[in-house]
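A.B. asks: Those protein sequence lines, which keep their order, are chains B and X. Residue numbers for the first sequence follow my numbering, beginning at 1 and rising by one. Residue numbers for the second sequence follow my numbering, beginning at 1001 and rising by one. Yeah, the Cβ is synthetic: ideal placement off N, Cα and C, and Gly gets one too. Please see the structure below; I have some questions.
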Amino acid sequence: MAGAVAERVWRKSDPDRIEADLAALWREIAAGETRIARAVMSNLVVFRDRIAPVDADPTAVVAGLPLEEVAARHPSRTIVLEHCYGAAPGPPFSAAVGITTFGPPQARYGVEQIVVRSACPDASLLSILRRFVRGDLPTTVWWTADVSTAPPPEPFIEVGRQFLYDSRSWSDIRRAVGAMAAVIADARIDPADLNWRRLAPLQRALVHARGPLPDWATVEVRVHAPRSEEALAWLCAGWLRAARRAPDRAAVTVEIGDAAAMVSVQVGDIAATLTQHGAVVEGTAAPFTIASRVESDADAVADELRTLARDATLIGTLRALIDSFGATAA
Amino acid sequence: MTIVIFGGAGDLAHRKLLPALYNLHVDGLLPPRIAIAGTGRKSIGDEQYRAFAKDGVAKFSRRPIDEAAWSAFAAILFFAAADLDSERGLAALGSRLDVIEHERGGNGDRIYYLAIPPSLFAPTVRQLSRARFVPPPEGRVARLIVEKPIGHDLESARAINDAIADTFPEKDIYRIDHYLGKETVQNILVMRFANSIFEPLFNHRHVDHVQITVAEEEGVGTRAGYYDQAGALRDMVQNHLLQLLAMVAMEPPHSLDADVIRDERLAVFRSLRPITGDTVDSDVVRARYAAGYVLGKPVPAYTAEPGVDAGSRTETFVALRACVDNWRWAGVPFFLRTGKRMPKRASQISVHLKEVPPILFNADPSARLDPSILSIRIQPDEGFSLGVNSKVPGPHVRVFPVKMDFHYGSTFGGTSPEAYERLLLDVMAGDATLFMRRDSVEAAWNWVMPILDRWAQRQQDPLPEYPAGDWGPAEAERLITATGRRWLAP
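Pasting the structure below:
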């Protein structure tokens, strides 16, 4: 249902003039021949850890993000906040506003985008976020940084209804899981992990092969994955451990090393392997495969934006990992 | 017609009135042969006044200056000094106006705009009477425009109204609350009474509660002298917020006649349940801002602002729960809040409809559906939106609150007229619909007086604070969360 980009307009702005400049852009667009409706389903606050030189054009901050693709699928008021950790503290120093329009002339809609670059203290971040989010829309915070090196400050948790991240980017699993403790402790915000979605075929396959998790809680499980998929392996382990009582925890072990598959799970005689294309289960009477959903990053982000329900399984998994790592989690 | 602006070289004229008149000129809406005469104590020449006006238009007009249009507009601008303290202080003004009107072929109709402090309202009107400006010659009109605040309490409001009424009949008095001139506020009536979908919902059977938020990002700025004596209840609630409440809650008028509409607004004020005694403590929260951040910048506490007494107990924030005790709104709370140094400048009315029953798609207690909310954005980002739950496409039943969003900017393009443009035009046309009648002003004061009286009695109570850049103090959160609801940020 995503429309093709019809036009994109960006304008450098001043942090104090963002709303006025955005309003002026809308008026200019509305003055054209084609009627354009503003589409807005959510606030999408995109956090970027400092990625561009201080004197760079503000629009450079969105480079590498599939924001237009996401907006085409789930039109949101997109607020990209680049927070320059380590720079000299100060108020927002540059900004840009943009409108991207999609679809054919008879059904054209526009989505607004705001870029703010700041090096302000954490305590003042909330004042920036509150300025730009619309209160009558659900707010998703998309954390594009590595949570283990750039944990979300409290303002991001306070302002959001959903905290979207990708655990594939975690360079230190234990520290990242420790940082996620603050997110899952707040019932007002729901965690959503893009990496977690990739585990779904393997989860379905294991349950199909062995039955509900508690039924085989006493069976030893070994999870094996390459270094590049360490987070996914731990998510799998956390998911299994969450279904087991404390005495059984040792029964799930994680081994990180050389492996061709994304994740392999050995449960007794059954071996389940997750690849890019799906989960393959062997060792049962009849081997079977469950296909992975074919989706782009933008598809995945948009699908999460449309999901307002709390993912109790992911939260349980993270809790289990927090318990597992104990004091080693920061 | 001649518009005479007392305080013509003041801040209001510079920022609002002269830019509004310029835009009316550009739109071709000013009557032919009109003259605009600023007046004040200091004598400045016409050319100097035109330069002052041009500066105001350049800085504050919604349109940039068009030199050709400006030249024509400048030709109708004049300045004449007037000394209100002198027995014959308006004589020279009268002579000058006679000359201007003669030269321009004016018809003698006049509008007197009091853009001056309220303490000067009565003396100025007396001078107008003494100098025989009023009553006007037979067949001509003389109208008076006064700005809020009209008094600082019920007694002083009555005194001002009495003094004005000695000279001007009520039909010729135009009390401005500029909120009523905003396009989005006028659109409330159109939305309610020109669409069959909304009006049937506007009652206690379908509405759970209503919220009205008028948030200012600015601190007290250069208005400390006035504001520290007034506070948020007098400065905002008694007029702007109650007018917005009236627009949402009023019954359908039987015609668009000014007095019929104003009667209905008055009926709302008279239906407001008085907040008195202990109820003030439970249903009204006052606070002032402490130091904090606005858009990432540190800002000082109210008591550290220039011109504010360090021991001041003036509130910069008010939140309250009001009840309209009539058949339509019985049991529906109206939550009002306003404050300075909030995260953004925004005025919004949100009508929260009742939840659907906890069955079918709303059966999961851990994932309740968002109730539908009609949000009316007064400023900025003018428009309104209605949240409607919808199924997300796909094999599973997932529900998402989509927005049906009407946005002035992308729908109509161009810039909406400023409130003062509409209001000045209405005065010229003799249409008082968007102005406050005496009974309405006094009814509003009558409702807030018990709150002011209670606060005066409780001077020793601690005054809650909120960090600048926040939506208010914890007490305001509790005011609404205690009822199982929560504030909707604009």
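Please report whether the beta-carbon of K12(B) lies at a distance below 8 angstroms from any beta-carbon of chain X.
C.D. replies: False, the Cβ-Cβ gap to chain X never drops below 8 angstroms.
A.B. asks: Could you say which of Y1049(X), S1156(X), V1141(X), R1286(X) lies nearest to G1038(X) if we only look at CA atoms?
C.D. replies: When only C-alpha atoms are compared, the closest one is Y1049(X).
A.B. asks: Apply the 10 Å Cβ neighbour rule to H1359(X) and answer buried if 16 or more other Cβ atoms are within range, or exposed otherwise.
C.D. replies: Before going on, a small fix: residue 1359(X) reads as Ile here, not His. Looking at its Cβ environment, which holds fewer than 16 other Cβ atoms inside 10 Å, I1359(X) is exposed.
A.B. asks: With 16 other CB atoms within 10 Å as the buried threshold, where does W1327(X) fall?
C.D. replies: Exposed.
A.B. asks: Give the list of continuous beta strand (DSSP E) stretches no shorter than 3 residues that lie fully inside the stretch 57-93 of chain B.
C.D. replies: Complete beta strand (DSSP E) runs here, min 3: 76-83.
A.B. asks: Check whether the stretch 1114-1122 of chain X and the stretch 1137-1149 of chain X touch, using three or more Cβ-Cβ pairs below 8 angstroms as the test.
C.D. replies: Taking 8 angstroms as the limit for Cβ pairs, the verdict is that the stretch 1137-1149 of chain X does touch the stretch 1114-1122 of chain X.
A.B. asks: Tell me, which residues are paired with M1404(X) by DSSP?
C.D. replies: Its beta-bridge partners are L1386(X).
A.B. asks: Would you say G135(B) lies against chain X (beta-carbon separation less than 8 angstroms)?
C.D. replies: Yes, contact with chain X.
A.B. asks: How far does the beta strand (DSSP E) with V1090(X) in it reach, from first residue to last?
C.D. replies: It should be pointed out that residue 1090(X) corresponds to Leu in this sequence rather than to Val. Looking at the DSSP string, L1090(X) is not in any beta strand (DSSP E), and its letter there is neither H nor E.
A.B. asks: Determine which residues of the stretch 85-115 of chain B have a Cβ less than 7 angstroms from any Cβ of chain X, and write them out in chain order.
C.D. replies: Answer in chain order: P91, P92, G110.
A.B. asks: Tell me which residues of the stretch 128-160 of chain B have at least one Cβ-Cβ distance to chain X shorter than 9 angstroms, keeping chain order.
C.D. replies: Per Cβ criterion, the list reads I128, L129, R130, R131, F132, V133, R134, G135, D136, L137, P138.
A.B. asks: Counting contacts by CB-CB distance shorter than 8 angstroms, is A37(B) in contact with chain X?
C.D. replies: Yes, A37(B) lies at the interface with chain X (some Cβ there is under 8 angstroms from its Cβ).
A.B. asks: Provide the residue(s) that pair with R1494(X) in DSSP beta bridges, ordered along the chain.
C.D. replies: This structure leaves residue 1494(X) out entirely; chain X is present only between 1001 and 1490.
A.B. asks: Would you say the beta carbon of G1387(X) comes nearer than 7 angstroms to a heavy atom of the ligand NAP?
C.D. replies: No copy of the ligand NAP occurs in the structure displayed, which carries no ligand at all.
A.B. asks: So which residues on chain B does V1294(X) lean against when the C-beta distance must stay under 7 angstroms?
C.D. replies: S127, listed in chain order.
A.B. asks: What is the rounded straight-line gap between the Cα of A1041(X) and the Cα of A1082(X)?
C.D. replies: The residue asked about is misnamed: residue 1041(X) is Arg in this sequence, not Ala. Taking the straight line joining both Cα atoms gives about 5 angstroms.
A.B. asks: Indicate the three-state DSSP secondary structure (helix, strand or coil) for I1275(X) in the structure shown.
C.D. replies: Three-state DSSP puts I1275(X) in coil, outside helix and strand.
A.B. asks: So, for Y1113(X): in the same chain, excluding its five sequence neighbours on each side, which residues have a beta-carbon less than 6 angstroms away from its beta-carbon?
C.D. replies: Correct list, in chain order: I1005, I1145.
A.B. asks: Is DSSP giving H1396(X) helix, strand or coil here?
C.D. replies: Reduced to three states, the DSSP call for H1396(X) is coil.
A.B. asks: Under 7 angstroms between beta-carbons, which chain C residues line up against P1343(X)? List them in chain order, please.
C.D. replies: Looking for chain C here will not work: the only protein chains present are B and X.
A.B. asks: Within the 8 angstroms Cβ cut-off, does D1263(X) reach chain B?
C.D. replies: Chain B contact via Cβ: absent.
A.B. asks: Is it buried or exposed for H74(B), if we count other Cβ within 10 angstroms and need 16 for buried?
C.D. replies: It is buried - the Cβ of H74(B) has at least 16 other Cβ atoms within 10 Å.
A.B. asks: Please say whether L125(B) and V140(B) have beta carbons closer to each other than 8 angstroms?
C.D. replies: Before going further, note that residue 140(B) is Thr rather than Val in the sequence given. No. Outside cutoff.
A.B. asks: Contact defined as beta carbons within less than 8 angstroms: I believe A150(B) pairs with D297(B). What is the distance between those atoms, to the nearest angstrom?
C.D. replies: 20 angstroms between Cβ atoms; not a contact.
A.B. asks: Please classify T100(B): does DSSP put it in a helix, a strand, or coil?
C.D. replies: T100(B) falls in the strand class under three-state DSSP.
A.B. asks: May I have the straight-line CA-CA distance separating P1357(X) from N1389(X), to the nearest angstrom?
C.D. replies: So the two alpha carbons sit approximately 14 angstroms from each other.
A.B. asks: Should the stretch 266-274 of chain B be regarded as contacting the stretch 195-209 of chain B, the criterion being three or more beta carbon pairs within less than 8 angstroms?
C.D. replies: Touching, yes, given that three or more Cβ pairs across the two stretches are closer than 8 angstroms.
A.B. asks: Note down, in chain order, every chain X residue with its Cβ under 9 angstroms from the Cβ of T307(B).
C.D. replies: Here the neighbours are V1392, R1398, F1400.
A.B. asks: May I ask you to verify whether the stretch 68-82 of chain B touches the stretch 303-323 of chain B, counting CB pairs closer than 8 angstroms and requiring at least 3?
C.D. replies: Segments in contact, yes.
A.B. asks: Using a Cβ-Cβ cut-off of 8 angstroms (strictly less than) and excluding sequence neighbours within five positions of A231(B), which residues of its own chain qualify?
C.D. replies: Here the set comprises S167, R168, W170, I173, A176, N195.
A.B. asks: Hey, does I1212(X) have any beta-carbon neighbour from chain B nearer than 8 angstroms?
C.D. replies: Cβ-Cβ to chain B under 8 angstroms: no for I1212(X).
A.B. asks: May I have the straight-line CA-CA distance separating M1236(X) from W1447(X), to the nearest angstrom?
C.D. replies: Approximately 14 angstroms between the Cα atoms of the pair.
A.B. asks: By Cβ distance, which residues of its chain are closer than 6 angstroms to I1003(X), with the 5 residues on each side in sequence left out?
C.D. replies: Excluding positions up to five away in sequence, the list reads I1036, I1111.
A.B. asks: According to the neighbour-count rule (16 or more other Cβ atoms, all chains shown, within 10 Å of its Cβ), is T1338(X) buried or exposed?
C.D. replies: Buried, since its Cβ has 16 or more Cβ neighbours within 10 Å.
A.B. asks: Ignoring anything shorter than 3 residues or poking outside the stretch 253-328 of chain B, list the beta strand (DSSP E) runs there in chain order.
C.D. replies: Correct list: 263-267, 270-274, 278-282, 288-291.
A.B. asks: Taking the alpha-carbon of R188(B) as reference, which of A309(B), G316(B), L44(B), V5(B) has the nearest alpha-carbon?
C.D. replies: The candidate whose alpha carbon is nearest that of R188(B) is A309(B).
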